[in-house]
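Participant: Numbering (my numbering), first residue to last: 135 to 874.
Dropping the structure here:
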């Protein structure tokens, strides 16, 4: 561009306006050099004395990791069309229509505008235009991507425009890379616009209101002009405490959010100057701050993580501004800190062999909801992670829930309720349950449910054994279902069970506690072992009661038959005659059995164990000899006796109302069914009370002490010694057994 007064401008244009690197040369050979926006320089190639840099404050450098925040430009990231929602800062809804090539445009529409950003051109039409412009470009396929030097949106647009036309440079007397790299030496003396721009920044730092006002009034410099480091007049006035010049610049159109090349706005610079380094303490909301983009955390995320009463007040103020209480951070791929110690492979190996168990039937549990979609942390997740000042945490949780924060959102597999359980904050658990947190919400990434988090050994350090029992009771009172299906295992080796299976699975992960003889454990380890075993027995008792409550809804005899058959479907074949001429036809009749849940009646496990029914009543299953003996001694003896008595009476023909023919025959006839029933019952009673069959030792009952073999009997084998030890789990295995 040549002017009548002898000036000449060489640089990059956009929509017939200066936009990018350029040099304006005057008749006296002085030059204005820099990045231009219309008729003003937006960024100089020189450095203003006293510019602000975080490098001057090394104690704060740890909080500004420039390497992790760097962004680059490449051909893949910069398409020839600007119709892109992520790249275009002025993306409007009408531009969505332009992505469809079938969208038709009026003829000669191009004559209505010269700004390519506002021309309603389809995607294909723009590509045709670009192919004409870039057909003679020199392509360099091995060039490195360009670094984005300034993250201000306007500067990013300018850098993308420069990168797009980097191979379209005509023959000029200067190198464009000098301006992009902030090198001023190859050019002539500074021109008037360059001098006025430098003066604006310097006088703003010095507090010279009159000079700054005169420059802005006469339009000699742009209010957002910056030196080669991105240091603006607004930043200069802010760090030097000149409020009048700050107001003047803002009234003149200065961008309050413009950043320097280090990514610091004027407000950020003031924070560094005003607050001492001790005030910058990384909280749980900012632990991965270097991984987040622009807008990764909202003010509410930061507020709920502030400890003390101040955090409660700031959170309340922000919530009153109608902010979204469920705003998500950009850390959806992050992992909860306590879950990072979990082993990626199962350490139990051969101890739990899964056979694709499907867990309890659907009739046994009531929750049918879907797993909610995961995302980044919400403020409720962050506050439930905190392990300090439980009283203040409870107040913030209550504030968020009052303002309609959703307590049933997942992050890293966790809900806010499971995070409160993992962090040991029972006060937060109470608030969440009171405001509608679902204790049966399915959790992902191997966490299972809120009950699973309560029984997991991963989070047991936050509570005493009594507190864990109290927490389980609180969750059950709130509606937590112990029969909710839970996936147990990792990788391809998984099965569906209950919270009891999950508890045993996590218990077995600790090889030292679970797979070491009791006498070999240290005293602290024995305390851990006893607490874990007590917890397992406690939830097993609750599971047993829950199953029995559900089984009361079905017919007892049909349920017993189903357990005895132990098959999914009973198939019966019925023959019917079709006349004299045709043979009989066999038809298959399917009879669906009464639903029942197959689990160990003693320990409650249904996954990774082999379950065998009680051969007397066929109403329960047990997984081992120790569970069989213990359940018999504790509860099943009287249950089984009652069941077998009912069966014997039914077989002998005695009905409940004593009106059946078999019953009358037993009462009236000699040696009838009644007497036979008595004889059979007495024989069974004798055998149950410890009688032996022909000198055998199998019917011998253990009364709580290890049986002493008579003289002449052989000594117990290795397997018998272990069975004897497992029959009394309350007694430690001392190893004082002799083996054949």
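Every residue, glycine too, gets a C-beta built ideally from N, C-alpha and C. Quick caveat, the model's predicted, so the values are computed rather than measured.
1) Count the other C-beta atoms from every protein chain shown that fall within 10 angstroms of the C-beta of residue 602, then say buried if there are 16 or more, exposed otherwise.
2) Whole angstroms are fine: how far does the CA of residue 408 sit from the CA of residue 332?
3) According to the neighbour-count rule (16 or more other Cβ atoms, all chains shown, within 10 Å of its Cβ), is residue 663 buried or exposed?
4) Taking only the alpha-carbon atoms, compute the straight-line gap between residue 454 and residue 448 and give it to the nearest angstrom.
5) So, using beta-carbon positions, are residue 354 and residue 371 closer together than 8 Å?
6) Where DSSP assigns a beta bridge to residue 360, which residues make up the other side?
7) In the DSSP assignment, what residue or residues form a beta bridge with residue 165?
8) Can you tell me whether residue 751 is helix, strand or coil according to DSSP?
9) Going by alpha carbons, who is nearest to residue 373 out of 314, 357, 399?
10) Hey, quick one: how far does the alpha helix (DSSP H) through residue 643 stretch, first residue to last?
11) Could you check whether the segment 149 to 158 touches the segment 357 to 364, counting it as contact only if at least three pairs of C-beta atoms, one from each stretch, sit closer than 8 Å?
12) Measuring alpha carbon to alpha carbon, tell me which of 751, 556, 579, 498 ends up nearest residue 730.
13) Can you tell me whether residue 577 is helix, strand or coil according to DSSP?
14) If I measure Cβ to Cβ from residue 545 and keep anything under 6 Å in the same chain, skipping five residues before and after, which residues do I get?
15) Between 586, 739, 434, 599, which lies nearest to residue 635 when the distance is taken from Cα to Cα?
16) Going by Cα to Cα distance, which pick from 458, 365, 623, 682 is closest to residue 492?
17) May I ask you to verify whether the segment 755 to 774 touches the segment 652 to 667, counting CB pairs closer than 8 Å and requiring at least 3?
18) Reducing DSSP to helix, strand and coil, say where residue 136 ends up.
19) Is residue 573 closer than 8 Å to residue 535 when the C-beta atoms are compared?
20) Do residue 681 and residue 638 have their beta-carbon atoms positioned less than 8 Å apart in this structure?
21) Could you round the C-beta distance between residue 751 and residue 737 to whole angstroms and report it? I think they count as a contact, below 8 Å.
22) Grab me the residues of residue 137's own chain with a C-beta within less than 7 Å of its C-beta, minus the 5 sequence neighbours each way, in chain order.
23) Counting pairs of beta carbons, one from the segment 562 to 577 and one from the segment 547 to 554, are three or more of them closer than 8 Å?
24) Between the C-alpha atoms of residue 586 and residue 421, what's the straight-line distance to the nearest angstrom?
25) List the whole-angstrom C-beta distance separating residue 431 from residue 459, where the pair is believed to meet the contact cut-off of C-beta under 8 Å.
26) How many whole angstroms separate the CB atoms of residue 589 and residue 669, which I take to be in contact at a CB cut-off of 8 Å?
27) Opposite residue 508 in the DSSP bridges: which residues?
28) Taking one C-beta from the segment 179 to 187 and one from the segment 292 to 310 each time, how about it: are there three or more such pairs within less than 8 Å?
29) How is residue 694 classed by DSSP in three states: helix, strand or coil?
30) Can you give the Cα-Cα distance for residue 157 and residue 279, rounded to whole angstroms?
31) Buried or exposed: which applies to residue 351, given that a residue is buried once 16 or more other Cβ atoms fall within 10 Å of its Cβ?
32) Can at least three beta-carbon pairs, one atom from the segment 336 to 347 and one from the segment 162 to 178, be found at a separation below 8 Å?
Facilitator: So, to answer that:
1) buried
2) 26 Å
3) buried
4) 10 Å
5) no
6) 177, 366
7) 159, 324
8) coil
9) 399
10) 633 to 643
11) no
12) For the set 751, 556, 579, 498, the Cα lying nearest the Cα of residue 730 is the one of 498.
13) strand
14) Taken in chain order, the residues that qualify are 511, 515.
15) 739
16) 623
17) no
18) strand
19) no
20) no
21) Their Cβ separation, rounded to whole angstroms, is 19 Å, which puts residue 751 and residue 737 out of contact at 8 Å.
22) none
23) yes
24) Approximately 27 Å, taken between the alpha carbons.
25) Not a contact, Cβ separation roughly 14 Å.
26) With a Cβ gap of about 6 Å, residue 589 and residue 669 count as contacting.
27) According to DSSP, residue 508 bridges with 544.
28) no
29) helix
30) 25 Å
31) exposed
32) no
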